[in-house]
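Asks:
In the numbering used here, the protein residues as written are 813 to 1334.
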């Protein structure tokens, strides 16, 4: 391909010059003359505004659907850490002394901005404040998704990508820092699309600032420099070494990497993804994605539509587009927790590819009356959805009775002399919150054997701990090393019966959890 070929004019909101884009990306497969003449005309926009009503209805329904009890088992320790920060604890001391695990106690949070927000919301509205966080961030994520997929695309194509993205958001919406990434990832996908297809390079200082803020909220900030880097590589593959956009994208990539280092741990933040990946082998949400599971259908259908458009569309995809699409789908397939990020990053590309690959329904103008009221109707639908979500939040208990062993945890907190809790992995956050001391930082009165900070403990320790919890060979050695004086386990954990053989006694049960304490002879 000629590296000096001029860049195609930017598609406007009123249409996509698909023939010009096709000639830029696939000179070996041009459109027939009659198709090129048809595609050179601006697309009718009459249905774009009425589509706002459908988008608003879907968004409002999604917000109402995610309003309900707390879902994330880690929200409690995130909130506790944020509370310590609000109480004046140094970021380098917050979270220390929570555990008696034999691993270095030098962990530092890189999600402290969201954890501080969690603590503030809890201080104002209790756990309902965290449910409100989940609802509001879900709505904002859906709004940014709509912004990213409806720009310069046909309504039917954008709607397909939008629905799949919303489905993925709703399935994985929880009160966790990852919600911030759900808001930003569609915009990252749009940045890649504009850079790869049109040579539109974002200002490097904007990328540095965005990465710096994002890196202190959630670890998926790394997808920003990844997308910029893939756009740069794609430009080089499709336009040659002389492409100015490729060089500018390289600078923007470097700026994003530098921005991601502006955290309490500095450049070490670049290693966090690798540390986390090495510590999550036995954590369910990090298992390879089952592409046929209901929770993965957003990614499955998005990938199928993308491959179909590549194979059967009227234009050939550029090599950079294939590289980006395959890598993002692979990201989603690598772990269940990555499904939603992958769908959100691929959604803008999917909407654009469907637009240029297929004719779609014959364009027809929407009734003028419907166009006139569409904006007002969309606002009414959103207000109704938000109102319903607020009513649902007010009427529901954030922690419904019988769902969490709050009584057992309170009993542990009241034990004289403190407690070394041999806890089930999934109950660690609740234990840390309800046994917290009256003042921060933690005084170590109640400590757990493990908690949700997988990167703190490392894969080797988590593997040994979970093997003990499951009663696998070597469990006694781990138990003797940890020396707990109370256990809080799921009633399904095989370790319960093994502890009984060593003289431990059941002293309480609640919400499918069992508390055990060693007998006098143990």
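C-beta: ideal position from N, C-alpha, C; glycine also.
Of the choices 976, 1212, 1158, 1302, whose alpha-carbon is the least far from that of residue 939?
Replies: It is 1212.
Asks: Would you list, in sequence order, the uninterrupted alpha helix (DSSP H) runs of no fewer than 4 residues that lie entirely inside the segment 1281 to 1315?
Replies: Runs found: 1287 to 1294, 1307 to 1313.
Asks: Once DSSP output is grouped into helix, strand and coil, what is the label at residue 933?
Replies: DSSP places residue 933 in helix when its eight states are reduced to three.
Asks: Hey, would you say residue 932 sits closer than 7 Å to residue 1244, going by beta carbons?
Replies: Cβ distance not < 7 Å, so residue 932 and residue 1244 don't count as in contact.
Asks: Could you have a look at residue 1330 and say whether DSSP puts it in helix, strand or coil?
Replies: Residue state, collapsed to three classes: strand.
Asks: Is residue 834 helix, strand or coil by DSSP?
Replies: Confidence is the limiting factor: at residue 834 the pLDDT is only 38, short of 50, which leaves the residue's position unreliable, though a coordinate-based value still follows. Three-state result, residue 834: helix.
Asks: Can you tell me whether residue 1153 is buried or exposed, with buried defined as 16 or more other CB within 10 angstroms of its CB?
Replies: Classification for residue 1153: buried.
Asks: With H, G and I counted as helix, E and B as strand and the rest as coil, what does DSSP make of residue 813?
Replies: In this prediction, residue 813 scores a pLDDT of 40, lower than 50, which makes its location untrustworthy; the coordinate-derived value is nonetheless stated afterwards. Of the three classes helix, strand and coil, the one that applies to residue 813 here is coil, per DSSP.
Asks: Could you give the DSSP three-state label for residue 900: helix, strand or coil?
Replies: Note: residue 900 maps to coil in three-state DSSP.
Asks: Do the CB positions of residue 989 and residue 923 come within less than 7 Å of each other?
Replies: Yes, the pair counts as a contact, with Cβ atoms nearer than the cut-off.
Asks: My output table needs one value for residue 1231: the three-state DSSP class, helix, strand or coil.
Replies: DSSP places residue 1231 in strand when its eight states are reduced to three.
Asks: Measuring only between beta-carbons, confirm whether residue 1239 sits less than 7 Å from chain B.
Replies: Structure shown: chain B not included; a single protein chain is present.
Asks: Would residue 1283 and residue 1307 be called neighbours here (beta carbons separated by less than 7 Å)?
Replies: Cβ distance < 7 Å, so residue 1283 and residue 1307 count as in contact.
Asks: Going by DSSP in three states, residue 993 sits in which element: helix, strand or coil?
Replies: Three-state result, residue 993: helix.
Asks: Output the residue ranges of the beta strand (DSSP E) runs that lie fully inside the segment 1120 to 1168 and measure 3 residues or longer, sorted by chain position.
Replies: DSSP runs (the beta strand (DSSP E)) wholly in the segment 1120 to 1168: none.
Asks: State the start and end residues of the unbroken alpha helix (DSSP H) segment that holds residue 947.
Replies: First-last of the alpha helix (DSSP H) with residue 947: 939 to 961.
Asks: When you compare only the Cα positions, how much space is there between residue 1323 and residue 1303?
Replies: Going by the C-alpha atoms only, they are around 9 Å apart.
Asks: Is residue 1050 near residue 1130, with beta carbons less than 7 Å apart?
Replies: Cβ distance < 7 Å, so residue 1050 and residue 1130 count as in contact.
Asks: Using only alpha-carbon positions, find the residue among 918, 878, 973, 892 that is nearest to residue 928.
Replies: Taking only the C-alpha atoms, the option nearest residue 928 is 892.
Asks: Can you tell me whether DSSP reads residue 1262 as helix, strand or coil?
Replies: Coil at residue 1262, not helix or strand.
Asks: One question on the structure: do residue 875 and residue 944 come within less than 7 Å of each other, judged by their Cβ atoms?
Replies: Contact: no.
Asks: Quick one, which of 1020, 1196, 1296 has its alpha-carbon nearest residue 1229's?
Replies: The residue with the shortest Cα to Cα distance from residue 1229 is 1296.
Asks: Can you list, in chain order, the residues of its chain whose CB lies under 6 Å from that of residue 884, leaving out five sequence neighbours each side?
Replies: Cβ neighbours of residue 884 beyond the five flanking positions: 986, 987, 988.
Asks: Does the segment 1051 to 1063 come within contact of the segment 1031 to 1039, defined as at least 3 CB pairs closer than 8 Å?
Replies: No, the segment 1051 to 1063 is not in contact with the segment 1031 to 1039.
Asks: Let me know if residue 1004 comes out buried or exposed under the rule of 16 or more other beta-carbons within 10 Å of its beta-carbon.
Replies: It is buried - the Cβ of residue 1004 has at least 16 other Cβ atoms within 10 Å.
Asks: Could you work out which residue in 1276, 1299, 1301, 1300 is closest to residue 1290 when comparing CA atoms only?
Replies: Residue 1276 is the option with its Cα nearest to residue 1290.
Asks: Pull up the DSSP beta-bridge partners for residue 1320, would you.
Replies: DSSP lists 1327 as partners of residue 1320.
Asks: Have a look at the DSSP bridge pairing and note the partners of residue 911.
Replies: Paired residue(s): 1260.
Asks: In whole angstroms, what separates the C-alpha of residue 1202 from that of residue 1028?
Replies: In a straight line, the C-alpha of residue 1202 is about 29 Å away from that of residue 1028.
Asks: Based on Cα-Cα distance, which residue from 915, 981, 1056 lies nearest to residue 994?
Replies: Answer by Cα proximity: 981.
Asks: Is the distance from the Cβ of residue 1247 to the Cβ of residue 1262 below 7 Å?
Replies: Not closer than 7 Å, so no.
Asks: Can you have a look at residue 1171 and say buried or exposed, based on whether 16 or more other CB atoms are within 10 angstroms of its CB?
Replies: Looking at its Cβ environment, which holds fewer than 16 other Cβ atoms inside 10 Å, residue 1171 is exposed.
Asks: I'd like the span of the alpha helix (DSSP H) that includes residue 1050, first residue to last.
Replies: 1035 to 1051 is the span of the alpha helix (DSSP H), which, as asked, contains residue 1050.
Asks: Let's test the definition: count the other Cβ atoms within 10 Å of the Cβ of residue 1240 and tell me whether it reaches 16, buried, or not, exposed.
Replies: It is buried - the Cβ of residue 1240 has at least 16 other Cβ atoms within 10 Å.
Asks: Tell me which same chain residues have a C-beta within less than 8 Å of the C-beta of residue 937, skipping the five on either side of it?
Replies: Only 944 meet the Cβ criterion.
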